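Chemist: Residue numbers (my numbering), protein chains in the order written: chain A, 5 to 122; chain B, 5 to 122.
One structure follows; several queries about it will come next.
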DNA sequence: TAGGCAATCATACTAAAGTACCATTTTTCA
DNA sequence: TGAAAAATGGTACTTTAGTATGATTGCCTA
């Protein structure tokens, strides 16, 4: 009888621990699902932007320069970030102006925002 | 005997449904926790920005110049829009740089966006 | 009413941005 | 594999942006 009681208790404890364990797993799974769903949106947004960028015929490098430009960096800083010369940055920026139909970098930034490129 | 079997089955089914229900609750709780943790940072950042925005103490004219600047206009164009000289625009812009802690207008635009000023 | 502040404008200057043109190397792809 | 596109970079130049400084006017308020 005592043994039976003990074993019953032990089984209950085991069950309890098991349940808590499962519960933790499920909660963790929920957090993970939320994380994945969040990142999916972000990734899709980036893909969408790249699609749009492609439609505007922006090259990969031009798009990268655009991103840095939006961040408020100078040509020199962009050059340092992308490991290219300021000269090359100016070339990319000029091409961006043509493709975005902008006269200045501030106008280019504004238009890029309106086009949901960034 | 049959009844007993049925009732046992019914109890198992109830338990099963209950378990699934609890599992869903736990997963939902996990998603919620992830969501809350994610937004906590964002909310804190916004509160911090609103405080900063208030401390920035931009004058009416400076704010107006900022808006035009964000629109991608040149100093000359801003001057024409606000019916003031380009010289005055430059003064306001310089003051904006000090208050926003920016070196360039693109950086000022970027910081203003982050501060939810525009 | 004197002092502070916002707004205005000017001049003179330096720094950065932007244009035009050309050239070379890499990548891509039909 | 050969042509096209992309990426890189240089020089020389013009334009715009940004800094420094000083000055005037009008408005609010302690």
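For each residue, glycine too, the CB sits at the ideal point set by N, CA and C.
Nothing here was measured: the structure is a model prediction, and the numbers come from that model.
#1: Name the residue from A:98, A:37 and A:33 whose alpha carbon lies nearest to the alpha carbon of residue 65 of chain A.
#2: Quick one: Cα of residue 93 of chain B to Cα of residue 60 of chain A, how far?
#3: Residue 65 of chain B by DSSP, collapsed to three states: which one?
#4: For a contact meaning CB atoms closer than 9 Å, what does residue 110 of chain B contact in chain A?
#5: So, helix, strand or coil for residue 23 of chain B, using DSSP?
#6: Between residue 88 of chain B and chain A, is any beta-carbon pair separated by less than 7 Å?
#7: Ignore the nearest five residues each way along the sequence and tell me which others in residue 115 of chain B's own chain have a CB closer than 6 Å to its CB.
#8: Just to confirm, are residue 31 of chain B and residue 34 of chain A a CB contact at a threshold of 7 Å?
#9: Can you find the residues in the same chain that come closer than 6 Å, C-beta to C-beta, to residue 109 of chain B, ignoring five residues on each side of it along the sequence?
#10: Closer than 6 Å to a non-hydrogen atom of the ligand FMN - does that hold for the CB of residue 98 of chain B?
#11: Using CA coordinates, which residue listed in B:101, B:17, B:84 and B:20 is at the minimum distance from residue 76 of chain A?
#12: Kindly indicate the opening and closing residues of the alpha helix (DSSP H) around residue 102 of chain A.
#13: Go to residue 86 of chain B, then tell me how far its alpha helix (DSSP H) extends in each direction, as first and last residue.
#14: Specify, as a first and last residue, the run of the alpha helix (DSSP H) that residue 115 of chain B falls within.
#15: Give a yes or no on whether 7 Å exceeds the smallest Cβ distance from residue 31 of chain B to chain A.
#16: Kindly list, in the order they appear in chain A, the residues whose Cβ is closer than 7 Å to that of residue 27 of chain B.
#17: Exposed or buried, what is residue 122 of chain B when buried is set at 16 or more other beta-carbons lying within 10 Å of its beta-carbon?
#18: Taking a contact to mean a Cβ-Cβ separation below 7 Å, would you say residue 79 of chain A touches residue 90 of chain A in this structure?
#19: Taking the beta carbon of residue 113 of chain B as the centre, do at least 16 other beta carbons fall within 10 Å, making it buried, or is it exposed?
#20: With DSSP as the reference, label residue 71 of chain A as helix, strand or coil.
#21: How big is the Cα-Cα spacing for residue 37 of chain A and residue 22 of chain B?
Modeler: Here's the rundown:
#1: Checking every option, the nearest Cα to that of residue 65 of chain A belongs to A:98.
#2: Cα-Cα distance, rounded: 33 Å.
#3: Correct three-state label for residue 65 of chain B: helix.
#4: Ordered by position in chain A, the residues that pass the 9 Å Cβ test against residue 110 of chain B are 73, 74, 75, 76, 77, 78, 109, 110 and 113.
#5: Residue 23 of chain B: helix per DSSP, three-state reduction.
#6: Taking Cβ atoms only, chain A never reaches closer than 7 Å to residue 88 of chain B, which makes this a no.
#7: 104 and 106, listed in sequence order.
#8: Using a Cβ distance threshold of 7 Å, residue 31 of chain B and residue 34 of chain A count as a contacting pair.
#9: Cβ neighbours of residue 109 of chain B within its own chain (closer than 6 Å, five residues either side excluded): 73.
#10: Annotation note on the ligand FMN: not contained in the displayed structure, which lists no ligands.
#11: The shortest C-alpha separation from residue 76 of chain A is found at B:101.
#12: DSSP places residue 102 of chain A inside the alpha helix (DSSP H), whose first and last residues are 90-104.
#13: In the DSSP annotation of this structure, the continuous segment of the alpha helix (DSSP H) that includes residue 86 of chain B starts and ends at 79-86.
#14: DSSP places residue 115 of chain B in the uninterrupted alpha helix (DSSP H) bounded by 109-118.
#15: Cβ-Cβ to chain A under 7 Å: yes for residue 31 of chain B.
#16: Within chain A, 30 have C-beta atoms less than 7 Å from the C-beta of residue 27 of chain B, given in sequence order.
#17: Exposed.
#18: A contact, by the Cβ cut-off of 7 Å.
#19: So residue 113 of chain B ends up on the buried side.
#20: The three-state reading of DSSP puts residue 71 of chain A in helix, counting H, G and I together.
#21: Our two residues, residue 37 of chain A and residue 22 of chain B, have alpha carbons roughly 22 Å apart in a direct line.
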